[in-house]
Every structure is written in C-alpha cells, then in structure tokens.
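Below is one structure, written out as structure tokens, with a few remarks after it.
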Amino acid sequence: MKAVVMGGGQGSRLRPLTCNRPKPLVPVCNKPVMEYAMELLKRHGVETVLVTLHYLADEVTAHFGYGTDWGLRILYHIEDEPLGTAGSVKNVEDQLTDTFLVISGDALTDFDLSAALRFHKEKEAAATVVLTRVENPLEFGMVITDEQQRIVRFLEKPTWGEVFSDTINTGLYILEPRILELMECGKAYDFSKDLFPALLQKGYPLFGYIAEGYWCDIGNLEQYHQAHLDMLSGRVNHKIPGEPLADQIWVGRGTRIHPGAHLRGPAVIGRNCRIHENARILDFTVIGDNCIVEEGASLHRDVVWNNVFVGRNVRSAGAAICRHVTLKANVSVGTGAVIGDDVFVGEGAILQPEVKVWPDKNIEAGANVSLSLVWGRKWPGSLFGENGLIGLGNIEITPDFAMKLGAAYGASLEKGAVIVGSRDSHAASRMTNRALVCGLVSVGVDVRDLRVIPNPISRMVLKNTNAVGGLHCRVARHDARSLQIQFFDSRGVNIEKSVERKIENNFFREDFRRTSMEEVGHIEFPSRTVEQYVEDFANHPELAHVRRAGFKVVIDYAYGNASVALPAVLGKLGCETISVNAFLDPLRARELYQARDRSLRQLADIVTTLHADLGVMLDVDAERMAVVDDQGRILEGPELLALMAMLVFRQNRPALVAAPVNGPSVLDQLAQELEGRVIWTSTDPRSLMHTATLGAERIVFAGYPTGELIFPAFSPGFDAMFAFARLLAMMASEKAPLSEMIGWIPPFAMAHQTLPCSFAQKGRVMRMLIEDSRDQQTEMIDGIKIFEEGGWTLVVPDRTRPILGIWAEGLDRDQAERLIDTQRQRLLALLDRPSLASEEAPPRPRLKPSMTVPLPEDRAFHFWTPGRYLGVRARTWQEFLDTLHYIEPASLSYHLERGDFGNWVEYELNELELADRIRQLRTRGTKGEDLRASLLRIFRGSDAASGTAPEETGAAAEPKLEPPAASAASLTSEPLEES
Numbered sequence: 010m011k012a013v014v015m016g017g018g019q020g021s022r023l024r025p026l027t028c029n030r031p032k033p034l035v036p037v038c039n040k041p042v043m044e045y046a047m048e049l050l051k052r053h054g055v056e057t058v059l060v061t062l063h064y065l066a067d068e069v070t071a072h073f074g075y076g077t078d079w080g081l082r083i084l085y086h087i088e089d090e091p092l093g094t095a096g097s098v099k100n101v102e103d104q105l106t107d108t109f110l111v112i113s114g115d116a117l118t119d120f121d122l123s124a125a126l127r128f129h130k131e132k133e134a135a136a137t138v139v140l141t142r143v144e145n146p147l148e149f150g151m152v153i154t155d156e157q158q159r160i161v162r163f164l165e166k167p168t169w170g171e172v173f174s175d176t177i178n179t180g181l182y183i184l185e186p187r188i189l190e191l192m193e194c195g196k197a198y199d200f201s202k203d204l205f206p207a208l209l210q211k212g213y214p215l216f217g218y219i220a221e222g223y224w225c226d227i228g229n230l231e232q233y234h235q236a237h238l239d240m241l242s243g244r245v246n247h248k249i250p251g252e253p254l255a256d257q258i259w260v261g262r263g264t265r266i267h268p269g270a271h272l273r274g275p276a277v278i279g280r281n282c283r284i285h286e287n288a289r290i291l292d293f294t295v296i297g298d299n300c301i302v303e304e305g306a307s308l309h310r311d312v313v314w315n316n317v318f319v320g321r322n323v324r325s326a327g328a329a330i331c332r333h334v335t336l337k338a339n340v341s342v343g344t345g346a347v348i349g350d351d352v353f354v355g356e357g358a359i360l361q362p363e364v365k366v367w368p369d370k371n372i373e374a375g376a377n378v379s380l381s382l383v384w385g386r387k388w389p390g391s392l393f394g395e396n397g398l399i400g401l402g403n404i405e406i407t408p409d410f411a412m413k414l415g416a417a418y419g420a421s422l423e424k425g426a427v428i429v430g431s432r433d434s435h436a437a438s439r440m441t442n443r444a445l446v447c448g449l450v451s452v453g454v455d456v457r458d459l460r461v462i463p464n465p466i467s468r469m470v471l472k473n474t475n476a477v478g479g480l481h482c483r484v485a486r487h488d489a490r491s492l493q494i495q496f497f498d499s500r501g502v503n504i505e506k507s508v509e510r511k512i513e514n515n516f517f518r519e520d521f522r523r524t525s526m527e528e529v530g531h532i533e534f535p536s537r538t539v540e541q542y543v544e545d546f547a548n549h550p551e552l553a554h555v556r557r558a559g560f561k562v563v564i565d566y567a568y569g570n571a572s573v574a575l576p577a578v579l580g581k582l583g584c585e586t587i588s589v590n591a592f593l594d595p596l597r598a599r600e601l602y603q604a605r606d607r608s609l610r611q612l613a614d615i616v617t618t619l620h621a622d623l624g625v626m627l628d629v630d631a632e633r634m635a636v637v638d639d640q641g642r643i644l645e646g647p648e649l650l651a652l653m654a655m656l657v658f659r660q661n662r663p664a665l666v667a668a669p670v671n672g673p674s675v676l677d678q679l680a681q682e683l684e685g686r687v688i689w690t691s692t693d694p695r696s697l698m699h700t701a702t703l704g705a706e707r708i709v710f711a712g713y714p715t716g717e718l719i720f721p722a723f724s725p726g727f728d729a730m731f732a733f734a735r736l737l738a739m740m741a742s743e744k745a746p747l748s749e750m751i752g753w754i755p756p757f758a759m760a761h762q763t764l765p766c767s768f769a770q771k772g773r774v775m776r777m778l779i780e781d782s783r784d785q786q787t788e789m790i791d792g793i794k795i796f797e798e799g800g801w802t803l804v805v806p807d808r809t810r811p812i813l814g815i816w817a818e819g820l821d822r823d824q825a826e827r828l829i830d831t832q833r834q835r836l837l838a839l840l841d842r843p844s845l846a847s848e849e850a851p852p853r854p855r856l857k858p859s860m861t862v863p864l865p866e867d868r869a870f871h872f873w874t875p876g877r878y879l880g881v882r883a884r885t886w887q888e889f890l891d892t893l894h895y896i897e898p899a900s901l902s903y904h905l906e907r908g909d910f911g912n913w914v915e916y917e918l919n920e921l922e923l924a925d926r927i928r929q930l931r932t933r934g935t936k937g938e939d940l941r942a943s944l945l946r947i948f949r950g951s952d953a954a955s956g957t958a959p960e961e962t963g964a965a966a967e968p969k970l971e972p973p974a975a976s977a978a979s980l981t982s983e984p985l986e987e988s
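So for the sequence shown, our numbering puts the first residue at 10; every next one is plus one.
Structure (structure tokens):
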C-alpha cells in the first residue's frame, strides 16, 4: 500500500511560527505534526510514502530522511512551483499503480484508514473523500452526499447563506490511479475545485466516507492551540512523547525537576529541561527540549518550543513561544501572544494579549508592546459585517485603529489612487475620519475629503468622478455609542467580500507599503459638491410633474444630514414644505431614532392637522424613509416597498424591479398584474446595490424591506431624498391621493424575528432544516425559504452574529405571526436534536439542474465583459433568464462571440436544439438590445413549444422558460480569472 503526503504548505496564517520552517514541521506536543501522519499510515499498513514538497523542502527531507525511523520507505518530489493538491499528485503518477491514499502532512487526525479503505473497495469507487462533521463549515470545503453516500455536490468555503450541511472535506482521499489520466502534466489542479467536479461530470463513482475520530486542520493559531488542548485531553489516539508520571504529566529523558516546583497536569515537558524551585508548570502547558524555567516563573496553557529560557517570575498564559527565545526576569506575556524564533525580551517587558513578534527582534527592558512588531495584532472575529465595520467609538474604533485601517485600505490600492471620504457631523466621526485620511495618505493615496455630507451624495460623487473608491464614517444607526465605517467601490456600491478580505489581511498583518515624503498622498476639500447634487436632482426629467402638482408636504429631517441638501431641491420643485427638526444635531438625532414610533405619530398628527398631501421622515443618514399619507396612516418597511414597486410597475411597463429575498412576495403578484418582473437577490445590502447598478439601464427600481430605496438611473445606493421626490412625481402622474393608492396593494403582512444560534450550530441546523423540508416547496437564493399555504418563511444565518434571522409573510398579521412562531419552534427543536438519523430519513434526491435547484458552483454561468468580471453568476435556469433581462449588452455580445451561451446550454443543461438556435445569432451578427430581444424570443419560443415545467429526470432538466415568479441571479464577490 502506498500513500501520498502533501507537505508543501507554507502556513502563512500560522506565522510567525512558520517563518523559518514549513507547516508540516510545526511541532504539536514536541513532535512535528507530519510525524503523526507518518505514524498513522504505518499503523494501517502503508509501506511506501511519496512526499510532495515545495516550501523549505530541504527542512522536511533533512528531518525524515529515508523514513527508516518510522518503518517506512519515503520518496520525495519537490515542485519548482505549486501545482495544487491534485497537480502535485499527478507528478508522482508513475509511482502509483494501485489504490493509494492521499493525506495532508499538516493536519492532525487519528481516523481509521483501514475502515475507509474497506468502504472504498465495497463501493468500487474511483475516488473516496474522507469526510467529517464540524461545527463551523465556513473555512472548509462542504460536501453533500445522497443516501448511498455518493457525492452530489462540492462547495468551497461557503457563506452562511450557502450552508446546507456541516459535512466537510478533510483533504484525505482514497483514489484509483486511473483518475489521474484526466489531468495534464505540469498544469495546476485542485482536487475539490477541478478534478472531483470533472469526475462527477463524467459519471465516475465518487463517494464520501464519514469517518469517526479526531481531525483538526491546523490552519491558524487558534487551531494550533486547540490541537494541543485536544492531545492533552486524550481526544486524539496518538502517543504523547515522554514518560508518563502521576497526574497526567509526561517528561522526557534527562529532565530535572526541583522538588519544590509545582506541576499540574495535563502537561508535557521535553528532554534535558531544568525546572527550578517554585516554578509553576500548570495544566495544558507543553515545554520543548533543552528549556530552562527559573524560580517563580509561571506557565499556563503555553506552548513552548525547544531551547527557550524563561527567567525568574515570568508570567505567561496561553502564548506560543518559538525556539531560542529568551524571556528575562519579570516579563509578562498575554493570552494569545506569539513570539517568533530568536527573540530577546528584556527584563520587565509586557507583551499585551494577541501581540505577534516576528523572529530576530529585540524588545527592550520595560517596554510595553501593545502592537505587533512587523505583523498586526489579531482582531477578534472579522472586521467587516453585513454593512461595513461597526465598533464602539473611541474604545474599539480608536484613532490608532482607524489610522491602521486607512493604511490597510490604501495598501490594497495603487499609489496615486484617489479616494473620496465623508462623514456625519458627530465629533467622534470627525476624529475617526481624520485618522482614516492619515492612514490613506501615508501609503500614497490621494483623498478628496467631502467632510459632513449625506451618504447618498458621497456615493453620487464616486459615480461621477475618477475616484477608485470611497469611505463614509458615521454614528451607527442602532447604537449611539458605536461608529460605522463603510467602504465603497468606484460605482458608489459597497465593496465586495474579496476586497474586504484583502483589507482585513493587510490590517491583521500590518502589511503596509511605506512611501517617501515626496509620495505621501494629497488631501483636497472639493467645493460645490452639494450644489452639484441639488442641480442634478432638480433637473432630473422624471421630476417634471412635481413642479406642476404644487404638493404640500411635511418633512421631519430627524436632525440629520438631509437638511444640508433637500430643502434647496424642494424649493426648485415648487413644493410647499413644513420642516421639522431641520438642523444638524447628532446627539438629538440618535435620541429621536430611539423614539421613532412616537415621532412618526407626531408627524401623522401634523400632516392631518395641516391637511398636507403627505409627510415623510428621513433617517439621520438620508438613506431610509417612512411615509405618512393624507389620512395620517404610517407606511414604512415592506408596505412602503410594495407601494413604490406598484407605482413603478404602473408607470414604466414593462418594468424590472429588484428586491432581496426577504422582501414581500406580493411584489410578484403586482408584477404579473402590471406586466413587470421581480429580480430577487440575497439579503445583504451589497447584493441589492450591485444588481441594481449592474442593470441600471433596465432595472428601474430596487428596494430593501426596511425602507431603503434605490433608483439606479440616478444613484447607485440608498437615497431617501431622491426616492421621496420620485414618490411625489409618481403621485402627480396618478393624480390620486396617497391614501387611495395604498388601497391598490393586495393585502399582506410580514413578521421578523431572530433566534440565538451559535456559530458552531448553524451548519448543522441548516442541514437538518433542509432535510426536514424536502417534501415542501423551497427556494435557496439566500438561506432557505419554505413556502406554506398562503405564505412563506425564510431562515438565513447571520454573517457576523450568533443568530438566525427568520422572516415570514402571510395574508394578514395573525397568519404571519403564526408562520414565524411555528418556524421558530421548529428551529428550537432542531437545536435540541443531535442530528437526523440516516436510517430514519427518507431517501434524498440527487441535485439536478432545474428551475430553482442550483447547479454545483463549478457548473455555474459567470457573466463577464471583456477583461472584467461583473460579479454575477447563474446556478439555475431561472437565474440565467433573470440575468438576461438586465445584464449590460456588452456582456451579452461578449459571451455570444465566445460561444459561452451555446456551450453552457448544451453541455450543462443538455439542450442541444436550443444551443444551436443561440449559435445562429452569432452567425447573423446580432448585437446590443437586438441580441437581448432575440435571446428572450428564443427562450419564449422554446417554452411555448414544450408547454411543460422541467422534471428532474436525468443529468439535466427541460427548461421552463417564463416562470410566474422570477428568482435572482446569485451574486458573488469572489474574483475570477478570465479564461
């Protein structure tokens, strides 16, 4: 039996532990982690091991040699450049003539490989992927199997909205040599992204074996510490080096421990160590070989490598200390700190928690190290949430934090790039904005500081200038103690996830470029920004009707930023306005937000008393609004979204409207009645903005069910000021009071709740919810929407908080509340249930292409223009059709010329006749809007011919081409390379 051990990992997320060694040689309980893999292979009958190497390969070969110390025959293959997990195995193909194992050299596991091999043989599999269940599947490749454990889908590093299982790929495979013939030599391949999807497509038998036992992918420092805790707790079936003493303490040969030392297990002490009097070696501490721990020193839950000197009265807890480190007397090392090789820490120095010190540093005596040297301090969790970055003002988001964040953002851009900055009027926002600007210019980025300005105007400036991005700092809407920092791309849309990750990586690692004095960025303060917005606003052609209507309106500015721009616009539009709270006061603004319901009732009283046509309350950031009609009825949230969509459908036939999947389904009903169409998106604000902006020439309106509205032809983001003016224009066209128009909306009601759910439970709960709902109609654009009689419920895991969001829609409030309460009880039962027993579960159908069941990620259609990815992918036939309605014409022409449309329809959906008709458009040279119309005619003709809905009866489903309700094209912020 042969095995391939992949040992080329650099371990960049483990630095500074891996600065001077490859990841497989990082020690766990005083043994390199790859030794445990070698011992496991030997235990299960492997005789020959082929090790693939790249980073610091000589270190691995020097340590393991020919493998005689482990009773193995070890051969090495060193790659000049990384070829991926599968590509590296292809390089040793000539050595693999029979069934073989593939295992990672930097993962710690004790799986029963013999049982996995028997499973592989029984199933006659071409490839078996060894799987395990984890609490948080986001950082791993998720695998979905059917009832026979045959793999049906792979999904790499999903978001919570895509989590449908907690079963993940461990990177341990049992393979037959014939599958290597599918790859070309010298070309990079990944098992889960390239080879396994190709095997699935070609019909090879691919199975998943769920293994019992321990597995830990030591991918970051937290997992590194966890691996030690698990080893010392006895959760891993591997021998700990050293001779066991009482109280679970293992001690190596030659070590001397003073009788007055205090030891508490479990703990490991290596060979030839000296533990002096009154030293305290406490539970879950690991000490390497040749270490000295002097009098009064205390180590608790520390991982100490070889040749470390710990001086008198040193205090350390939960730290990782690499080899040849000297800690002089009275040093204090905080929890989570990491000290690299050959670091000298002077007497009395303090290393704060989570500080990282890179190798070969000299910390002076008495120094208080609160920021990492060379690499950044670890921030708890992700910096970014659903809508930017939020933290307590001047506590979590401090000036030094903001300056580092600005530098991290600037380091992700080219030198000389231009950024637009803005803020609200709060003093903390001004302080933070200036710190952000300092960080940006320090890395050579120019800043146009707009100072106090509404967020919608900041987005408009980005849309109309050559700036590559922007940021806006403000007090958080829901918490007056917190600040919110939002980052925008060149269109004024919230940045995508890949850019967020780049900023986070720069921030954590402090990987900033430094510029000379001559290259420091410039700061400008543009003038007439508000005046230009007012002019564009007032001259918009859609608002011409407002001037003739002579509306009387009451506006509550809520002490917010809209008061700097909207009064001038309404004056130009000829409105008689009564203004309330129309000056800037950030403290009163947040107080008013807390008493928003009372303020709306007061606004309703003013409207009815003055016999105004309507009233509107704008939030402090001018992004959200609520409306009061002429009879004093308050309209906000989903009801306001339905009203605006209805008026857009009536006056822009046929209209496209975009809304998140947690919006009211009554929009579909309105669209059918008024010849429109709804494009459903994910629930995060960026997805809605991105879809609206991308389809700005065809999507008339987009709205969020919390009162944030977009008219993409004018603005790329939420703009309550312009949305209010468009409402006036549509009222003028209808020539009916607002109270009458509200009655045109079909009755509906919505409810929303949240349910506490730890990150560890989210994947399991979502998997069991899908298993429980297999007999119901479902939709999985974001989370899982389950359709009930007369309504639906939607469950979406929150991206940054340990909660599940639950939405429901019914015909009335009582039904919506019943639906959401029923779903809540169902989720509570799933939280208490350990798992669904496979033998009790009814058979689960394989995922096949259909109107709503998504294709695997590797078979999705991604939309491009030449050289630019548009951030839209279609994984269902329905999503593909929706995208054709609004995607820019240049993308349609680009994909037609390349033959992408025809190929995808033929090879992914098995629709050869339809593909041929699409290819004929290329022969005729059809382009632009004519091409869009031709494509849609082809699809409608195919639907008329078939007259039936698709059935899942094979590798592809017959397309139903005009569904009664549209579904959104899924959005992705992952960058793709054009091929």
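Heads up, the beta-carbon is just placed ideally off N, CA and C, and yes, glycines get one too.
Counting Cβ pairs, one atom from each stretch, are 3 or more of them under 8 Å apart for the region 772 to 779 and the region 724 to 740?
Taking a cut-off of 8 Å for Cβ pairs, the region 772 to 779 and the region 724 to 740 do not touch, as fewer than three such pairs fall below it.
Contiguous beta strand (DSSP E) assignments of at least 3 residues, all confined to the region 634 to 711:
Taking 3 residues as the minimum length, the beta strand (DSSP E) runs contained wholly in the region 634 to 711 are 634 to 637, 665 to 669, 686 to 690, in order along the chain.
Between which two residues does the alpha helix (DSSP H) containing Ile829 stretch?
Residue 829 sits at position 820 when you count from the first residue of the sequence shown. From DSSP, the alpha helix (DSSP H) with Ile829 extends over 822 to 841.
Within its chain, find whatever has a CB closer than 7 Å to the CB of Leu579; leave out the 5 residues flanking it on each side and keep chain order.
Start at 1 with the first residue of the sequence shown, and residue 579 comes out as number 570. These residues qualify, in order along the chain: Thr586.
Would you list the residues sitting across from Arg1050 in a DSSP beta bridge?
Shown here, the chain extends from 10 to 988; a query on residue 1050 therefore has no answer.
Below 7 Å CB to CB, which residues in the same chain sit around Asn515 once its five sequence neighbours on both sides are set aside?
Locating residue 515 in the sequence shown gives position 506, counting from the first residue. Ala417, Ala420, Ser421, Phe521.
Just to confirm the assignment, what range does the beta strand (DSSP E) spanning Val805 have?
In the sequence shown, counting from the first residue as 1, residue 805 sits at position 796. Looking at the DSSP string, the run of the beta strand (DSSP E) that includes Val805 is 800 to 806.
Flag this pair as touching only if the region 219 to 238 and the region 253 to 267 have three or more C-beta atom pairs under 8 Å; answer yes or no.
At 8 Å Cβ cutoff, the stretches do not touch.
Give a yes or no on whether the C-beta atoms belonging to Asp638 and Leu623 are separated by under 7 Å.
Reading the sequence shown from its first residue, position 629 is the one you call residue 638. Reading the sequence shown from its first residue, position 614 is the one you call residue 623. Taking 7 Å as the Cβ cut-off, Asp638 and Leu623 qualify as a contacting pair.
Could you please give me the residues that DSSP links to Gln493 through a beta bridge?
Numbered from its first residue, the sequence shown carries residue 493 at position 484. Beta-bridge partners of Gln493 (DSSP): Ile399, Arg483.
Kindly indicate which three-state DSSP category Ala850 falls into: helix, strand or coil?
Counted from its first residue, the sequence shown places residue 850 at position 841. Here Ala850 scores only 40 on pLDDT, less than 50, and its place in the model should not be relied on; the value that follows carries that caveat. DSSP places Ala850 in coil when its eight states are reduced to three.
Leu905 versus Arg868 - alpha carbon distance
Here the question's residue 905 lines up with position 896 in the sequence shown. Here the question's residue 868 lines up with position 859 in the sequence shown. Whole-angstrom Cα-Cα distance: 18 Å.
Would you kindly report the start and end of the unbroken beta strand (DSSP E) that includes Leu189?
For this step, residue 189 is matched to residue 180 along the sequence shown. It is not in any beta strand (DSSP E) - Leu189 carries neither H nor E in the DSSP assignment.
What's the C-alpha gap between Asp67 and Glu519?
One-based indexing of the sequence shown puts residue 67 at position 58. One-based indexing of the sequence shown puts residue 519 at position 510. One Cα belongs to Asp67, the other to Glu519, and the distance between them is close to 30 Å.
Apart from the five residues just before and just after Ala741, which ones in its own chain have a Cβ nearer than 8 Å to its Cβ?
What you label residue 741 is simply residue 732 of the sequence shown in a count that begins at 1. Around Ala741: His554, Val555, Arg557, Ala558, Phe560.
Could you tell me the alpha carbon to alpha carbon distance between Thr957 and Ala664, rounded to whole angstroms?
Here the question's residue 957 lines up with position 948 in the sequence shown. Here the question's residue 664 lines up with position 655 in the sequence shown. A caution first: Thr957 carries a pLDDT of 33, below 50, which makes its placement in the model unreliable, though a value can still be read off. For Thr957 and Ala664, the distance between alpha carbons rounds to 26 Å.
In chain order, what residues of the same chain have a beta carbon less than 7 Å from the beta carbon of Arg468, not counting five sequence neighbours either side?
As a position in the sequence shown, residue 468 is number 459, starting the count at 1. Shown here for Arg468: same chain residues with a beta carbon closer than 7 Å to its own, the five before and five after excluded, namely Phe497, Gly501, Ser724, Pro725, Gly726 in chain order.
Rounded C-alpha distance that separates Phe733 from Leu480:
Residue mapping note: residue 733 aligns to position 724 of the sequence shown, counting from 1. Residue mapping note: residue 480 aligns to position 471 of the sequence shown, counting from 1. Rounded to whole angstroms, the separation of the alpha carbons of Leu480 and Phe733 is 25 Å.
Within this structure, are the beta carbons of Ile160 and Leu215 separated by less than 7 Å?
Locating residue 160 in the sequence shown gives position 151, counting from the first residue. Locating residue 215 in the sequence shown gives position 206, counting from the first residue. The Cβ atoms of Ile160 and Leu215 lie closer than 7 Å to each other.
Quick one: is Ala426 buried, meaning 16 or more other Cβ sit within 10 Å of its Cβ, or exposed?
Walking along the sequence shown from the start, residue 426 turns up at place 417. The residue in question, Ala426, is buried, as its Cβ has 16 or more Cβ neighbours within 10 Å.
If you draw a straight line from the C-alpha of Val529 to the C-alpha of Val484, how long is it?
Looking up residue 529 in the sequence shown gives position 520. Looking up residue 484 in the sequence shown gives position 475. Approximately 29 Å, taken between the alpha carbons.
Using the rule of at least 16 other Cβ atoms within 10 Å of the residue's Cβ for burial, across every protein chain shown, is Leu921 buried or exposed?
What you label residue 921 is simply residue 912 of the sequence shown in a count that begins at 1. Leu921 is exposed by the Cβ-count criterion.
Straight-line Cα distance separating Met412 from Val636
Indexing the sequence shown from 1 puts residue 636 at position 627. Indexing the sequence shown from 1 puts residue 412 at position 403. Cα to Cα, the separation comes out at about 40 Å.
Host alpha helix (DSSP H) of Tyr542 (start-end)
Against the sequence shown, residue 542 aligns to sequence position 533. DSSP places Tyr542 inside the alpha helix (DSSP H), whose first and last residues are 538 to 547.
Among Glu509, Ala346, Val470, which has the Cα closest to the Cα of Gln541?
What you label residue 541 is simply residue 532 of the sequence shown in a count that begins at 1. The shortest C-alpha separation from Gln541 is found at Val470.
Between the Cα of Asp311 and the Cα atoms of Asn287, Ala338, Ile278, which residue gives the shortest distance?
Locating residue 311 in the sequence shown gives position 302, counting from the first residue. Residue Ile278 is the option with its Cα nearest to Asp311.
Asp199 and Gly76 look like a contact to me (Cβ under 8 Å); what is the Cβ gap, rounded to whole Å?
Here residue 199 refers to the residue found at position 190 when the sequence shown is read from its first residue. Here residue 76 refers to the residue found at position 67 when the sequence shown is read from its first residue. Not quite, the Cβ-Cβ distance comes to about 27 Å (not below 8 Å), so this is no contact.
Can you tell me which of the three DSSP states Trp367 falls into?
The sequence position of residue 367 within the sequence shown is 358, counting from 1. The answer is coil: DSSP assigns Trp367 none of H, G, I, E or B.
Taking only the alpha-carbon atoms, compute the straight-line gap between Ala701 and Gly937 and give it to the nearest angstrom.
If you number the sequence shown from 1, residue 701 lands on position 692. If you number the sequence shown from 1, residue 937 lands on position 928. Between Ala701 and Gly937, the C-alpha separation is close to 19 Å.
Whose C-alpha, out of Ser438, Ile399, Ser381, Leu445, is nearest the C-alpha of Asp409?
Position 400 of the sequence shown, counted from the start, is the residue given in the question as residue 409. The option with the nearest alpha carbon to Asp409 is Leu445.
Checking the sheet assignment: what are the DSSP bridge partners for Ile258?
Position 249 of the sequence shown, counted from the start, is the residue given in the question as residue 258. Its beta-bridge partners are Leu254, Ala276.
Delimiting residues of the alpha helix (DSSP H) encompassing Pro746:
Walking along the sequence shown from the start, residue 746 turns up at place 737. Run containing Pro746: none; DSSP gives neither H nor E here.
Per the contact definition of three or more C-beta pairs closer than 8 Å, is the region 708 to 718 in contact with the region 823 to 837?
Touching, no, given that fewer than three Cβ pairs across the two stretches are closer than 8 Å.
Straight-line Cα distance separating Ser902 from Val60
As a first step, residue 60 must be located in the sequence shown, where it is residue number 51. As a first step, residue 902 must be located in the sequence shown, where it is residue number 893. When rounded, the distance between both Cα atoms is 47 Å.
Range covered by the alpha helix (DSSP H) that runs through Tyr45
Counting from 1 along the sequence shown, the entry for residue 45 is found at position 36. Its alpha helix (DSSP H) spans residues 42 to 52.
How about Met730 and Ala631: are their beta carbons less than 7 Å apart?
For this step, residue 730 is matched to residue 721 along the sequence shown. For this step, residue 631 is matched to residue 622 along the sequence shown. Yes; because the gap between Cβ atoms is below 7 Å, this pair is in contact.
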